[in-house]
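J.:
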Amino acid sequence: MSQYLIAPSILSADFARLGEEVDNVLNAGADVVHFDVMDNHYVPNLTIGPMVCKALRDYGITAPIDVHLMVKPVDTLIPMFADAGASIITFHPEASEHVDRTLSLIKEHGCKAGLVLNPATPLSCLEYVMDKLDVILLMSVNPGFGGQKFIPNTLDKLRAVRKMIDQSGYDIRLEIDGGVNVDNIAEIAEAGADMFVAGSAIFNQPDYKHVIDKMREQLAH
Ligand code: DX5
Ligand code: ZN
1 MSQYLIAPSI
11 LSADFARLGE
21 EVDNVLNAGA
31 DVVHFDVMDN
41 HYVPNLTIGP
51 MVCKALRDYG
61 ITAPIDVHLM
71 VKPVDTLIPM
81 FADAGASIIT
91 FHPEASEHVD
101 RTLSLIKEHG
111 CKAGLVLNPA
121 TPLSCLEYVM
131 DKLDVILLMS
141 VNPGFGGQKF
151 IPNTLDKLRA
161 VRKMIDQSGY
171 DIRLEIDGGV
181 NVDNIAEIAE
191 AGADMFVAGS
201 AIFNQPDYKH
211 VIDKMREQLA
221 H
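Just so you know, we're using UniProt numbering here: the sequence shown kicks off at 1 and counts up by one.
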């Protein structure tokens, strides 16, 4: 795997042909499948659950599946997603009564664990759990929908988290989600991200490989 990971969000894929879409985007050079779970409670939208994750594994998808839980409560879904083949499970700290316990639960189930910070969520919630994090995901839009515009002050937040990670000495991925495209991916990487979720920027184009190649070109500078 390269230093930078590209994780297409299947929220913008054609759900009627999901297996094929995921295959296509992986063959086009994607590293990770970003799987958005929304419950119409924590966020005002409703998407897919563990059955669909399992269906992708049964279809033959072997790439890492990065499950982004936008749900409340969180804990009941963790064993279900672990059984369904999730590789990484991330959740929003506001959605869990006991963040430390939820992180441990994810790890006990053999998955990598991460916290997701909304645009207005401060960094203080990371402070006492850095040792349990494999991923920190910064939202650069408000969660709930694909196709929104990147919120520019996320760049400062990325720089601050990059500093925290580097100072901690832990091996933690810094993932960014929302409004990422070929035009802004370079400055997002410069601000410290090393894992890039992109939904509409990839799936709304006819040639996924073309977009992913362009993203990697930008990242190579
Ligand atoms: C938003 C989701 C994102 C979304 C990204 O709540 O978490 O993963 O699908 O979509 P784009 O890349 O279109 O902003
Ligand atoms: Zn997401």
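Yeah, the Cβ is synthetic: ideal placement off N, Cα and C, and Gly gets one too. Predicted model only: the values in this text are computed from it and were never measured.
1. Count the other CB atoms, across all protein chains shown, that sit within 10 Å of the CB of THR34; report buried if there are 16 or more and exposed otherwise.
2. Can you list, in chain order, the residues of its chain with a C-beta nearer than 6 Å to that of LEU18? Leave out the 5 residues immediately preceding and following it.
3. For MET1, which of helix, strand or coil comes out of DSSP?
4. Tell me which residues share the same chain as LEU133 and place their Cβ nearer than 8 Å to its Cβ, disregarding the 5 neighbours each side in the sequence.
5. Is DSSP giving GLU217 helix, strand or coil here?
6. Based on DSSP bridge pairs, tell me the residues matched to PRO8.
7. At a cut-off of 6 Å, would you count ASP31 as near ligand 2, judging by its Cβ distance to the nearest heavy atom?
8. DSSP on HIS210, reduced to helix/strand/coil?
9. Under a Cβ-count criterion, where at least 16 other Cβ atoms within 10 Å of its own Cβ denotes burial, should GLY60 be classed as buried or exposed?
10. Flag this pair as yes or no: are the beta carbons of residue 266 and PHE203 separated by less than 7 Å?
11. I'd like to know if the segment 29-48 and the segment 3-11 are in contact, where contact means that at least 3 CB-CB pairs between them fall below 8 Å.
12. Under 7 Å, do LEU69 and PHE91 count as touching if we go by C-beta distance?
13. When DSSP labels each residue in this structure, what does GLY19 get in the three-state scheme?
14. Could you spell out the range, first to last residue, of the alpha helix (DSSP H) harbouring LEU158?
15. Quick one, which of PRO152, GLN148, ASP131, ASP83 has its alpha-carbon nearest GLN167's?
16. Is HIS68 near ligand 2, going by C-beta to nearest heavy atom under 6 Å?
17. Along the beta strand (DSSP E) that carries THR90, what are the first and last residues, could you check?
18. Pull the bridge partners of VAL67 from the DSSP assignment, please.
19. Going by alpha carbons, who is nearest to LEU26 out of GLU217, GLN218, ILE212, LEU219?
20. Out of GLU175, PRO73, VAL141, point me to the one whose CA is closest to ALA120's CA.
21. Span of the alpha helix (DSSP H) holding ILE172?
22. Ignore the nearest five residues each way along the sequence and tell me which others in MET1's own chain have a CB closer than 7 Å to its CB.
T.: According to the structure shown:
1. Here residue 34 is taken as the residue at index 34 of the sequence shown, counted from 1. Just to set this straight, residue 34 is His in the shown sequence, not Thr. A buried status is given to HIS34, since no fewer than 16 other beta-carbon atoms sit within 10 Å of its beta-carbon.
2. Taking the first residue of the sequence shown as 1, we reach residue 18 at position 18. Excluding positions up to five away in sequence, the list is empty.
3. The count along the sequence shown starts at 1 and reaches residue 1 at position 1. Interpretation of MET1 is limited by its pLDDT of 38, a score under 50 that renders its predicted location unreliable; the figure taken from the coordinates is listed afterwards. Looking at MET1 - three-state DSSP - the assignment turns out to be coil, as it is neither helix nor strand.
4. Numbered from its first residue, the sequence shown carries residue 133 at position 133. Non-local beta-carbon contacts of LEU133 in its own chain, meaning distances under 8 Å to residues more than five positions away in sequence, involve LEU103, ALA113, GLY114, LEU115, LEU126, TYR170, ILE172 in chain order.
5. Reading the sequence shown from its first residue, position 217 is the one you call residue 217. If DSSP states are grouped into helix, strand and coil, GLU217 belongs with the helices.
6. Position 8 of the sequence shown, counted from the start, is the residue given in the question as residue 8. According to the DSSP secondary-structure assignment, PRO8 is paired through a beta bridge with ALA198.
7. On the sequence shown, residue 31 is found 31 positions in, with the first residue counted as 1. For ASP31, the shortest separation between its Cβ and any heavy atom of ligand 2 does not lie below 6 Å.
8. As a first step, residue 210 is located in the sequence shown; it is residue number 210 there, counting from the start. If DSSP states are grouped into helix, strand and coil, HIS210 belongs with the helices.
9. Position 60 of the sequence shown, counted from the start, is the residue given in the question as residue 60. It is exposed - the Cβ of GLY60 has fewer than 16 other Cβ atoms within 10 Å.
10. Residue 266 cannot be examined here, being either before or after the span of the chain that is shown, 1 to 221.
11. Put simply, the segment 29-48 touches the segment 3-11. At least three CB pairs are less than 8 Å apart.
12. Residue 69 sits at position 69 when you count from the first residue of the sequence shown. Residue 91 sits at position 91 when you count from the first residue of the sequence shown. Cβ distance < 7 Å, so LEU69 and PHE91 count as in contact.
13. The residue you call residue 19 lines up with position 19 of the sequence shown. The answer is helix: DSSP assigns GLY19 an H, G or I state.
14. Along the sequence shown, read from residue 1 onward, the residue named residue 158 stands at position 158. In this chain, the alpha helix (DSSP H) harbouring LEU158 covers 154-168.
15. Along the sequence shown, read from residue 1 onward, the residue named residue 167 stands at position 167. Nearest C-alpha to GLN167: ASP131.
16. The residue you call residue 68 lines up with position 68 of the sequence shown. Answer for HIS68: yes, Cβ within range of ligand 2.
17. Taking the sequence shown and counting its residues from 1, the one referred to as residue 90 is at position 90. Residue range 88-91 is occupied by the beta strand (DSSP E) that includes THR90.
18. Here the question's residue 67 lines up with position 67 in the sequence shown. Paired residues: PHE35, ILE89.
19. Position 26 of the sequence shown holds residue 26. Cα-wise, what sits closest to LEU26 is ILE212.
20. Numbered from its first residue, the sequence shown carries residue 120 at position 120. Closest in alpha carbon position to ALA120, among GLU175, PRO73, VAL141, is VAL141.
21. If you number the sequence shown from 1, residue 172 lands on position 172. Under the DSSP assignment, ILE172 falls outside any alpha helix (DSSP H); it carries neither an H nor an E label.
22. Residue mapping note: residue 1 aligns to position 1 of the sequence shown, counting from 1. For MET1, the predicted model reports a pLDDT of 38, less than 50, meaning its position is unreliable; a value from the coordinates is still stated below. Counting only Cβ-Cβ distances below 7 Å, and skipping sequence neighbours, we find ASP31.
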